[in-house]
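**Q** For the protein sequence lines, the chains are A and B, in the order given. Read left to right, the first sequence gives residues 64 to 528 (the numbering used here). Read left to right, the second sequence gives residues 6 to 104 (the numbering used here).
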Amino acid sequence: MDIPLTIDELHKGFKNKTHSISGVIEQYLSRIEAFDKNLNAFVTVTHDYARERAKKLETILADNPNAFEEFPLLGVTMAVKDMYLTRGVRTTAGSKVLESFIPEYSSTAFERLEAAGAILVGKANCDAWAHGSSGENSDFGATHNPWNLDYVPGGSSSGSAVAVSSGMSMFSMGTDTGGSIRLPASFCNVVGLKPTYGAVSRYGVIAMASSLDSMGHFTRSVKDSEKIFKVTRGTDGHDGTLRNADYAHKNVKKIGLPREYFSDGLSEEVREKTMAAVDVYKKAGYEIVDVSIPSTKYAISIYYIVMPAEVSSNLGRYDGIRYGNKRDSFGAEAKRRIMLGTHVLSSGYYDAYYNKAMKARTLLRNDFDKVFTEVDALIAPASPTLPFKLGEKMDNPLEMYLADIFTVSANLVGIPGISIPAGFSDSGLPIGFQLFAPRFMESSLFELGNSYQSMTDFHLKTPSL
Amino acid sequence: MLSNTDILHLAALANLDLTSAEIEKLKGDLSIVIEHFADLKNLNTDNLMPTSQTTGLINVTRQDEVNPDSILPVSSATSGTDTHNDYFVVSALLDKDAI
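#1: Classify P209(A) as buried or exposed, calling it buried when 16 or more other Cβ atoms lie within 10 Å of its own Cβ.
#2: Is it buried or exposed for I28(B), if we count other Cβ within 10 angstroms and need 16 for buried?
#3: Taking Cβ positions, are G486(A) and F521(A) nearer each other than 8 Å?
#4: Use the C-beta contact count for S158(A): other C-beta atoms within 10 angstroms, 16 or more gives buried, fewer gives exposed.
#5: Considering only DSSP beta bridges, list what S235(A) is partnered with.
#6: For F234(A), I'd like the list of residues in its chain whose CB is within less than 7 Å of its CB, leaving aside the five on either flank, ordered along the chain.
#7: At which residues does the alpha helix (DSSP H) containing G512(A) begin and terminate?
#8: Enumerate in chain order the residues of its own chain whose CB-to-CB distance from D489(A) is below 8 Å, with the five nearest sequence positions on each side excluded.
#9: Count the other C-beta atoms from every protein chain shown that fall within 10 angstroms of the C-beta of L95(A), then say buried if there are 16 or more, exposed otherwise.
#10: Report the three-state DSSP secondary structure of Q497(A) (helix, strand or coil).
#11: Quick check on the DSSP output: the alpha helix (DSSP H) that includes E133(A) runs from which residue to which?
#12: If C189(A) sits next to K144(A), beta carbons under 8 Å apart, how far is it from one beta carbon to the other, in whole angstroms?
#13: Check whether the stretch 297 to 304 of chain A touches the stretch 461 to 471 of chain A, taking contact to mean three or more Cβ pairs, one atom from each stretch, closer than 8 Å.
#14: Can you tell which of E132(A), F250(A) and V160(A) has its C-alpha closest to the C-alpha of G383(A)?
#15: Are at least three pairs of beta-carbons, each pair with one atom in the stretch 508 to 520 of chain A and one in the stretch 18 to 26 of chain B, less than 8 Å apart?
#16: Suppose only complete runs of 4+ residues qualify. What are the alpha helix (DSSP H) ranges in the stretch 274 to 346 of chain A, listed by chain order?
#17: Specify whether the stretch 436 to 446 of chain A and the stretch 243 to 256 of chain A touch according to this definition: at least 3 beta carbon pairs, one from each stretch, less than 8 Å apart.
#18: Using DSSP with H/G/I as helix, E/B as strand and the rest coil, what is G404(A)?
#19: Please state whether DSSP places Y413(A) in a helix, a strand or coil.
#20: Give the residues from the stretch 132 to 154 of chain A that approach chain B closer than 7 Å (Cβ to any Cβ), ordered along the chain.
#21: For D430(A), name the three-state secondary structure that DSSP assigns.
#22: Checking 8 Å against the spacing of the C-beta atoms, do I368(A) and Y416(A) come in under that value?
#23: Mind listing which residues of the stretch 403 to 425 of chain A have their C-beta closer than 7 Å to chain B's C-betas, in chain order?
#24: Only counting the same chain, and skipping five residues up and downstream in sequence, which positions put a Cβ closer than 6 Å to that of S392(A)?
#25: Could you check how far apart the C-beta atoms of T238(A) and D299(A) are, in whole angstroms? I think they sit under 8 Å.
#26: Let's test the definition: count the other Cβ atoms within 10 Å of the Cβ of A347(A) and tell me whether it reaches 16, buried, or not, exposed.
#27: Could you name the residues that DSSP lists as bridge partners for L256(A)?
#28: Have a look at G33(B) and R400(A) and give me their C-alpha separation to the nearest angstrom.
#29: Which one of V263(A), S409(A) and G230(A) has the shortest CA to CA distance from F173(A)?
#30: What in chain A is Cβ-close to A26(B), meaning under 7 Å?
#31: Are G198(A) and S221(A) closer than 8 Å when you measure CB to CB?
#32: Report yes if the CB atom of V184(A) is closer than 8 Å to the CB atom of S232(A), and no otherwise.
#33: Closer than 7 Å, Cβ to Cβ, to anything on chain A: give me those residues from the stretch 47 to 63 of chain B, in chain order.
#34: Comparing alpha-carbon positions, which option in L7(B), N90(B), L62(B) and T59(B) lies nearest S36(B)?
#35: Looking at chain A, is there any beta carbon in it that lies within less than 8 Å of the beta carbon of D44(B)?
#36: Give me the residue from S330(A), T149(A) and S93(A) with the minimum Cα distance to L449(A).
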């Protein structure tokens, strides 16, 4: 690729004057121009906005000797999932309901990233309302996988993953309610971080399922993931579920291998690459321990009761009166989830479904808390299968829902997870593995992620476009 | 298996107008999904409290002070489809002939 792949590399270019901020922005904008007609990763490209910001930041770079300390993301391009409100820039949630909605205020995460010097190049396509595992549910058309255009990029943060993978943005923001960052990260050969619930503000991000929604991001390197997290995390006086943790680092010694994630349904190639990652950790001196999380088998059922219940409630506000179009503009998947959620919450079914699932969620939480008394982190595959073909699962909602089987637990129990590139299938499709850590122990994920990337170079491989 | 009546009842609760094709499709889809995720039925959860949040925070409040940054009703109506004198228009809740 003709562009720097990491923030350090970009900043080195600014310091040595081999790159200028405006020059880099033009490079990214021309890549978007050239590639996005095939990939469809963007709903809106913010050309003028990006050029104007670049000029402003160039003055800072010229005048402020501490520019890189004060603006840790100076001149770094970002794509933001179209779930994040961006003041004055259309925000659609990938849905026709909001096709002409222009927000009056910005999300906390976006404001913080902008204040740190990042430059918005566009709003990323996604499954409408973040409902989906493939990126095909967007009312603005499906996004394509840059490694093979016939395949899905994974969802729901499909455009965000593709924007980074194809070099149309250096990093991107996504949302992860049941795997919507980690799954597309693994399908597109990028790093995807789902932070602890309560670490990054949900303020100004269109809500999907409020007790599960996590605001995270995509990068090429784990080091950059850590840099972005330092900017986005922390209380903001708007999201009451946030907590200021100390994020103190504790060296990782033991990594657990939860046997429930290596069952019969797992693709052989995914198993092989995940076990190869385990070997890398063994070589690096970490102790690998077999562990069990027995209630894992209930996670997907709990998720597909709790999530639609919260979805049906959150989408109740879209009535087309104050803003947006009327409810008949909802697409098929949104209607399906609203109906499912209404059913599990309705009189006569509430206790049997919703309340039961909320209690089972406690069981899952207890199981994870227990396993983290034995090990410092967990390693598992991110997806049970390789990326699948566009259209392959569109007529079978149940099969599509099962793509989330390895990712939903982290959301239900509120722990952080990261998906890291682990190599390619024989057919050339990316495969990722996942790491989990206890709540607010993102530092363990970064330690393990950095360690892996210092010994492998899968994350530096880019698709030919 | 959900019936047409079940689907119409849920659609009314959810404020959705469905076409007959949508009713038919949702009847099948919802039934399959609900059946698949029914395995929780056999799980004993008698002594467990429900989990609705995972961070362990209790009674989060803020000072009851006016925030000057709050958005005025007039400006929040700007993206609305139907406005009158800078306010958004809603359907009448009361029928004047019935009063």
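The beta-carbon is built from N, C-alpha and C at its ideal position, and this holds for glycine as well. The structure presented is a predicted model; accordingly, all values stated were derived computationally and were not measured.
**A** This is what the structure holds:
#1: So P209(A) ends up on the buried side.
#2: I28(B) is exposed by the Cβ-count criterion.
#3: Cβ distance < 8 Å, so G486(A) and F521(A) count as in contact.
#4: Answer is buried; the Cβ neighbour count reaches 16.
#5: In the DSSP output, where bridge partners are listed per residue, S235(A) has A142(A) and F281(A).
#6: Answer for F234(A): V139, M141, V227, H280, F281, T282, D287 and I291, listed in chain order.
#7: Its alpha helix (DSSP H) spans residues E505 to M518.
#8: Correct list, in chain order: E332.
#9: It should be noted that the sequence gives Ile, not Leu, for residue 95(A). Buried, since its Cβ has 16 or more Cβ neighbours within 10 Å.
#10: Q497(A) sits in a strand when the DSSP states are folded into three classes.
#11: Note, E133(A): alpha helix (DSSP H), A130 to E133.
#12: That pair is a contact at about 5 Å.
#13: Verdict: no, contact absent.
#14: Checking every option, the nearest Cα to that of G383(A) belongs to V160(A).
#15: In this structure the stretch 508 to 520 of chain A does not lie against the stretch 18 to 26 of chain B, because fewer than three pairs of beta carbons, one per stretch, are closer than 8 Å.
#16: Fully enclosed alpha helix (DSSP H) runs of 4 or longer: 285 to 295 and 331 to 346.
#17: Verdict: yes, contact present.
#18: The answer is helix: DSSP assigns G404(A) an H, G or I state.
#19: Correct three-state label for Y413(A): helix.
#20: Those residues of the stretch 132 to 154 of chain A that come within reach of chain B (Cβ to Cβ, closer than 7 Å) do not exist; the list is empty.
#21: DSSP places D430(A) in the helix class (H, G or I) of the three-state scheme.
#22: The answer is yes: Cβ separation under 8 Å.
#23: Residues L403, T405, H406, S409, N418, K419, A420, M421, K422, A423, R424 and T425.
#24: For S392(A), same chain residues with a beta-carbon under 6 Å away, outside a window of 5 residues either side, are K159 and V160 in chain order.
#25: That pair is no contact at about 16 Å.
#26: Of the residues assessed, A347(A) falls on the exposed side of the cut-off, its CB having fewer than 16 other CB atoms within 10 angstroms.
#27: In the DSSP output, where bridge partners are listed per residue, L256(A) has H280(A) and I481(A).
#28: About 14 Å.
#29: Distances from the alpha-carbon of F173(A) to those of V263(A), S409(A) and G230(A) put V263(A) closest.
#30: Chain A residues near A26(B): none, gap ~10 Å exceeds 7 Å.
#31: G198(A) places its beta carbon less than 8 Å from that of S221(A).
#32: It is a contact, given that the beta carbons lie within the stated cut-off.
#33: For the stretch 47 to 63 of chain B, which is checked against every Cβ of chain A, the residues closer than 7 Å are L48, T50, L53, M54, P55, T56, S57, Q58, T59, T60 and L62.
#34: Out of L7(B), N90(B), L62(B) and T59(B), L7(B) has the C-alpha closest to the C-alpha of S36(B).
#35: Yes, its Cβ sits closer than 8 Å to a Cβ of chain A.
#36: Per the Cα distances, S330(A).
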